Amino acid sequence: MKSTENANKNLITALYCRLSQEDERLGESLSIENQRLMLQRYAEEHRFPNIQFYVDDGFSGADFNRPSFKRMMNDVECGKVGIVIVKDQSRLGRDYLQTGMLMEITFPQYDVRFIAINDGVDSANGVSDFSGIKNYFNDFYARDTSRKIRAVQRAKGERGERVGTTIPYGYMKDPDNPKQYIPNPETAPIVKRIFEMYASGLGIMKICDKLTGEKIICPSVYAFKKNGSRSGSPNLARPYHWAQTTVRKMLSNQEYVGDTVNFKTYSKSNKLKKRLKNDPENILIFKDTHEAIIDRKTFELVQKHFAGRKRPDKQGEIDKYAGYLFCGECGSRLYLHRGKTIKPENNNFQCGGFQRRTTDCTAHYIRENVLDQIVLHNLKTVTVYAREQPEEFYAMATQNGEAETKRFYKNAGREKVQIEKRINELDNIIRCLYEDRVCGRLTPDRYDVMANGYEQEQAELRQELTSIKERTDQMDMREKCIKEFMDKAKSYIEMPKLTPELLRVFIRRIEVYEKPEKYSRTCGNLIVIHYAFQLPEENGMPAIEKVMLSIKKTA
369 MKSTENANKN LITALYCRLS QEDERLGESL SIENQRLMLQ RYAEEHRFPN IQFYVDDGFS
429 GADFNRPSFK RMMNDVECGK VGIVIVKDQS RLGRDYLQTG MLMEITFPQY DVRFIAINDG
489 VDSANGVSDF SGIKNYFNDF YARDTSRKIR AVQRAKGERG ERVGTTIPYG YMKDPDNPKQ
549 YIPNPETAPI VKRIFEMYAS GLGIMKICDK LTGEKIICPS VYAFKKNGSR SGSPNLARPY
609 HWAQTTVRKM LSNQEYVGDT VNFKTYSKSN KLKKRLKNDP ENILIFKDTH EAIIDRKTFE
669 LVQKHFAGRK RPDKQGEIDK YAGYLFCGEC GSRLYLHRGK TIKPENNNFQ CGGFQRRTTD
729 CTAHYIRENV LDQIVLHNLK TVTVYAREQP EEFYAMATQN GEAETKRFYK NAGREKVQIE
789 KRINELDNII RCLYEDRVCG RLTPDRYDVM ANGYEQEQAE LRQELTSIKE RTDQMDMREK
849 CIKEFMDKAK SYIEMPKLTP ELLRVFIRRI EVYEKPEKYS RTCGNLIVIH YAFQLPEENG
909 MPAIEKVMLS IKKTA
């Protein structure tokens with residue numbers, strides 16, 4: 369063990385200071401400046417040579433991945449340090465296992481003298497029996513603080529307040545309300561463009577290449593230049609490099625539609641810092657809490673693409689039917705088969721349930737070019753009809769629905785007024801019951817029975833109101849979708865080939881049924897196309913969407 373005077377004058381006397389946010393709340397006594405003065409005065413009084421400070425400001429004691437602490441330990445392992453001095457043991461760390469290992473194994477192994485001034489610890493005088501107990505209580509404090517913080521964060525998250533600290537790329541804090549997000553005029557258009565490019569069929573790799581080629585600063589570098597944030601490990605040498613993982617996370621971030629999403633990740637304990645993905649049932653979503661950058665329709669279309677096969681071809685393009693194509697019998701997705709040994713004209717789709725043997729379904733084999741012909745022909749027929757005979761098309765689309773809609777609106781309005789009136793009456797009844805209970809005219813037990821009954825009735829009435837509103841929204845959306853389809857039909861007159869954009873604009877879902885004659889080369893598959901709005905049905909199939917084509921060539 370080294371002598372008090374530290375025989376080797378070249379060895380460092382390491383003065384280690386640490387302050388966390390929790391410690392800062394306890395007052396000035398734990399401030400970095402106070403620790404510096406105390407440690408320096410102690411080192412000078414004992415004539416310790418070669419003083420060097422190692423300071424970690426804003427780091428928890430339960431986290432040993434601190435930059436200055438790691439630098440100090442690296443110097444220890446290299447044999448450069450002779451003495452380590454801290455204000456107390458909790459400054460070294462609050463994990464009793466790690467701190468105990470440092471004090472009893474690591475420091476003696478490298479012949480380093482350890483001093484904790486306020487705890488009266490000096491390894492030159494031997495190991496104190498109370499040091500382990502002290503470390504345990506420091507650990508207990510960290511765990512207790514962690515529990516309290518988790519409880520507060522849970523309560524905030526359940527109220528709908530944001531618990532995350534990272535602002536999504538494309539947003540900024542509202543100057544008038546720091547808790548609220550508003551679109552960033554510099555980056556919001558870039559986010560919108562990324563979604564539009566992906567929805568139009570461009571693969572993630574091509575999107576990255578496009579943004580890099582246009583010299584658009586990537587999110588991590590932008591955040592660093594804007595506010596000094598090092599989140600995302602910004603590479604300043606490559607400011608325009610867009611990573612595929614960055615774009616993929618953006619495309620799946622529901623906050624861009626105006627929702628607050630809490631508890632997407634969690635940690636198992638205060639000692640395990642790794643964040644784990646939470647189960648969907650544990651994630652809380654609060655809708656329309658801030659201004660949206662992406663409309664819900666576009667966002668849902670992008671998620672449909674994610675749900676299908678994402679592997680791009682040699683040109684960097686993704687299967688345009690991903691998220692749209694389903695088996696008519698078992699409901700599984702149909703997946704595209706292509707490869708180096710398969711000619712492009714022989715690319716084909718097969719039922720995913722058949723491939724994985726998760727269902728007793730059949731292959732539903734259909735070539736991509738055949739499916740393109742069927743869908744494009746049907747799409748042209750419908751859009752020409754909507755464009756050239758709009759009144760007849762609208763009448764057909766609202767067939768058997770217009771009279772029903774008018775009747776619903778009339779009844780819904782009357783029911784809504786009656787329900788709201790009854791809810792107000794129940795509020796007055798409950799108020800009178802409470803006054804009777806306070807005045808002694810009603811026993812507490814009798815009040816509880818009657819009040820619970822009225823409150824249950826109120827809850828049921830509010831549920832009815834919600835159902836009426838949801839049904840009204842569906843009716844309004846149907847009308848909006850029909851008119852939007854007619855407007856789009858006027859814009860898309862020329863359709864030389866089927867593109868991802870046409871699918872996104874007009875089609876909601878495509879179902880492929882097995883051939884009536886299995887293995888037939890002349891009998892085609894039944895294809896049912898569901899458009900962006902729901903058409904009336906004829907004999908169980910959507911009108912005008914029912915298409916049965918016989919393909920003379922191999923299908």
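So the sequence shown is numbered by my numbering: it starts at 369 and just counts up by one.
Cβ atoms here follow ideal geometry from the backbone N, Cα and C, with glycine treated the same way.
Here the structure is a predicted model, which is why all the values come from computation and not from measurement.
Test item: CB-CB of residue i and residue j under 8 Å
i	j	result
Y348	F667	As displayed, the chain neither begins before 369 nor continues past 923, which places residue 348 out of reach and without an answer.
P551	Y539	yes
I662	K574	no
Q622	I585	no
G525	F631	yes
M863	K748	yes
M471	F482	yes
G581	K688	no
D424	Y464	no
Y537	P587	yes
Q403	K438	no
V750	Y860	no
G691	K672	yes
V444	V480	yes
N893	K883	yes
L704	E736	yes
T534	S601	no
Nearest residue (CA-CA) to residue i, options the options
i	options	result
V452	S859, R598, N433, L383	L383
G781	K837, N378, Q403, E564	K837
D627	R701, T513, E529, T730	E529
D487	P476, R511, P712, S458	S458
I897	K886, N820, I875	I875
Q420	P435, Y815, I380	I380
R928	G720, D577, G461, P546	The question about residue 928 has no answer here: the residues shown for the chain are numbered 369 through 923.
H745	I651, L871, D795	L871
L693	I895, R409, L405	I895
S499	F592, A484, I572	A484
K636	V752, Q831, G600, S514	S514
A660	V589, R724, N595, P553	P553
V880	Y733, K594, Y422, C807	Y733
Distance cut-off 7 Å: residue i Cβ against heavy atoms of the ligand ZN
i	result
A605	The ligand ZN is not among the ligands present in this structure, which contains no ligands whatsoever.
CA-to-CA distance, residue j to residue i, given in whole angstroms
i	j	result
Y504	G447	29 Å
K642	A430	13 Å
E564	P868	11 Å
T890	P557	50 Å
L387	K516	19 Å
N716	T657	44 Å
L801	L833	25 Å
R527	D740	49 Å
L702	F722	10 Å
E946	N820	One cannot answer for residue 946 here, as it falls past the ends of the chain, which runs 369 to 923.
K858	P758	10 Å
R522	V629	13 Å
E412	L405	11 Å
Y822	D816	10 Å
V915	L669	For V915, the pLDDT reaches just 34, beneath the cut-off of 50, and the residue's location in the model is therefore unreliable, leaving the point undetermined.
A754	L866	18 Å
Q389	V520	15 Å
E803	D813	14 Å
T811	I787	30 Å
Residues that residue i bridges to, as DSSP identifies them
i	result
H609	Partner(s): none; H609 has no beta bridge.
Y634	L644
M540	I550
E828	E828 pairs with nothing; no bridge assigned.
I653	V629
D425	L387
I878	L693, I897
F482	V452
T381	I419, I451
V489	A484
N545	D542
R439	BP columns for R439 are empty, so no partner.
L702	C719
L669	In the DSSP output, where bridge partners are listed per residue, L669 has none listed.
R735	N716
Using 8 Å as the cut-off, can you tell me whether the stretch 601–618 makes contact with the stretch 646–660, which would need three or more C-beta pairs spanning the two stretches below that distance? no
The stretch 786–798 touching the stretch 820–834, judged by at least three CB pairs closer than 8 Å: yes
Three or more C-beta pairs closer than 8 Å, one from the stretch 722–738 and one from the stretch 688–699: is that the case here? yes
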